[in-house]
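These notes are about the structure you will find just below.
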Amino acid sequence: MAELIYYCGTMDSGKSTLALQTAHNHQSRGRSGVIFTNKDRAGKGIISSRLGLSSPAIEVSPGMDLHKHVVDSLSSGDRIDYIICDEAQFYEREQIEQLARIVDGLGIDVYAFGILTDFRTSLFPGSARLVELADRVNTLQVEALCWCGSRATHNARTVGGAMVIEGEQVVVGDVSPGNEVGYEVLCRRHHMRQVTARASRAGHVSSQPLPFKE
Numbered sequence: 000m001a002e003l004i005y006y007c008g009t010m011d012s013g014k015s016t017l018a019l020q021t022a023h024n025h026q027s028r029g030r031s032g033v034i035f036t037n038k039d040r041a042g043k044g045i046i047s048s049r050l051g052l053s054s055p056a057i058e059v060s061p062g063m064d065l066h067k068h069v070v071d072s073l074s075s076g077d078r079i080d081y082i083i084c085d086e087a088q089f090y091e092r093e094q095i096e097q098l099a100r101i102v103d104g105l106g107i108d109v110y111a112f113g114i115l116t117d118f119r120t121s122l123f124p125g126s127a128r129l130v131e132l133a134d135r136v137n138t139l140q141v142e143a144l145c146w147c148g149s150r151a152t153h154n155a156r157t158v159g160g161a162m163v164i165e166g167e168q169v170v171v172g173d174v175s176p177g178n179e180v181g182y183e184v185l186c187r188r189h190h191m192r193q194v195t196a197r198a199s200r201a202g203h204v205s206s207q208p209l210p211f212k213e
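Letter by letter, the sequence shown follows residues 0 to 213 in numbering that gives the first Met the number 0.
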């Protein structure tokens, strides 16, 4: 039976690389599929990895009916054996439900890849719905590392090099240094203390206790 599988992790955990590898594995066996993406750092209509790999993809726009898109493609004679969905955290809740309908009604495997939580440690709506509906939720095995060497579990947003905890949930940036709006993966301890790699180098390590309420 077809399945809806969600592979999730922090930034820098290799989700886009795995999405591209999954597509390659299917294609090398003569299978045909569709690749969706949303707000990739390389621009619209492309899925890219920080390792330099990339592939054309269909950009998922707000209000786009993914189920209808697939049905229309099948009706026109296209063969679809699998579907890859990268940056799935940015999909609308309704679009995740459409992916589930594709699996259950059309018998097509859907492999979704994304980030669970945003820079405020809140679940993205798309990720939340995937956790609720997916047949399987798999944590990516490649562990991203905090600047301190511990396993990174949280995504931090930086503006001008300083960590911020307020703002729009979706602002496209990258982990590459030098960006005005950037992202950095941190362990929970340093995310809660708002200590980025830049702050640690500058000696701005807070001596305050973690902000837990008694």
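Quick reminder that beta carbons are idealized off the backbone N, C-alpha and C, glycines included.
Rounded distance between the beta-carbons of residue j and residue i, thought under 8 Å
{"i": "Leu65", "j": "Ile101", "result": "7 Å"}
{"i": "Thr9", "j": "Val130", "result": "Wrong, their Cβ atoms sit about 15 Å apart, outside the cutoff."}
{"i": "Leu3", "j": "Ile46", "result": "That pair is no contact at about 19 Å."}
Buried versus exposed call for residue i [16 or more other C-beta atoms within 10 Å across all chains shown]
{"i": "Lys43", "result": "exposed"}
{"i": "Asp85", "result": "buried"}
{"i": "Val141", "result": "exposed"}
{"i": "Val171", "result": "exposed"}
{"i": "Met247", "result": "Lying outside 0 to 213, the shown extent of the chain, residue 247 is not represented and no answer is given."}
{"i": "Ala201", "result": "exposed"}
{"i": "Gln168", "result": "exposed"}
{"i": "Cys186", "result": "buried"}
{"i": "Asn154", "result": "buried"}
{"i": "Ser74", "result": "exposed"}
{"i": "Ser48", "result": "buried"}
{"i": "Asp77", "result": "exposed"}
{"i": "Arg28", "result": "exposed"}
Endpoints, beta strand (DSSP E) assigned at residue i
{"i": "Ser27", "result": "Note, Ser27: premise wrong, no beta strand (DSSP E); not H, not E."}
{"i": "Ser47", "result": "Ile45 to Ser47"}
{"i": "Gly8", "result": "Leu3 to Gly8"}
{"i": "Val186", "result": "As written in the sequence, residue 186 is Cys, which differs from the Val given in the question. Counting along the chain, Cys186 falls outside any beta strand (DSSP E), and DSSP gives it neither H nor E."}
Contacting residues, own chain, Cβ-Cβ under 7 Å from residue i (five flanking each side not counted)
{"i": "Leu50", "result": "Thr16"}
{"i": "Gly106", "result": "Ala1"}
{"i": "Arg119", "result": "Ile164"}
{"i": "Asp134", "result": "Glu2, Leu3 and Ile4"}
{"i": "His189", "result": "Cys145 and Cys147"}
Residue interval of the alpha helix (DSSP H) (run including residue i)
{"i": "Leu52", "result": "Premise fails: Leu52 is in no alpha helix (DSSP H) and is neither H nor E."}
{"i": "Ile95", "result": "Arg92 to Arg100"}
{"i": "Met67", "result": "Before going further, note that residue 67 is Lys rather than Met in the sequence given. Run containing Lys67: Leu65 to Ser74, per the alpha helix (DSSP H) assignment."}
{"i": "Arg192", "result": "Careful: Arg192 lies outside any alpha helix (DSSP H) and carries neither H nor E."}
Beta-carbon contacts of residue i that lie in its chain and below 8 Å, excluding the five residues immediately before and after
{"i": "Lys14", "result": "Tyr6, Cys7, Gly8, Asp85, Phe112, Gly113, Ile114 and Leu139"}
{"i": "Arg92", "result": "Pro124, Gly125, Ala127 and Arg128"}
{"i": "Ala143", "result": "Gly8, Thr9, Met10, Asp11, Ser12, Arg150, Ala151 and Val184"}
{"i": "Glu179", "result": "Val158 and Gly159"}
Beta-carbon proximity list for residue i, same chain, < 6 Å, skipping 5 on both sides
{"i": "Ala132", "result": "Reading off the sequence shown, one finds Leu at residue 132, where the question assumed Ala. Here the set comprises Ala99."}
{"i": "Thr36", "result": "Ile46, Ala56, Asp85 and Glu86"}
Scan the stretch 102-181 and note each continuous beta strand (DSSP E) run of 3 residues or more that stays entirely inside, going in chain order.
-> Fully enclosed beta strand (DSSP E) runs of 3 or longer: 108-114, 135-138, 153-158 and 161-163.
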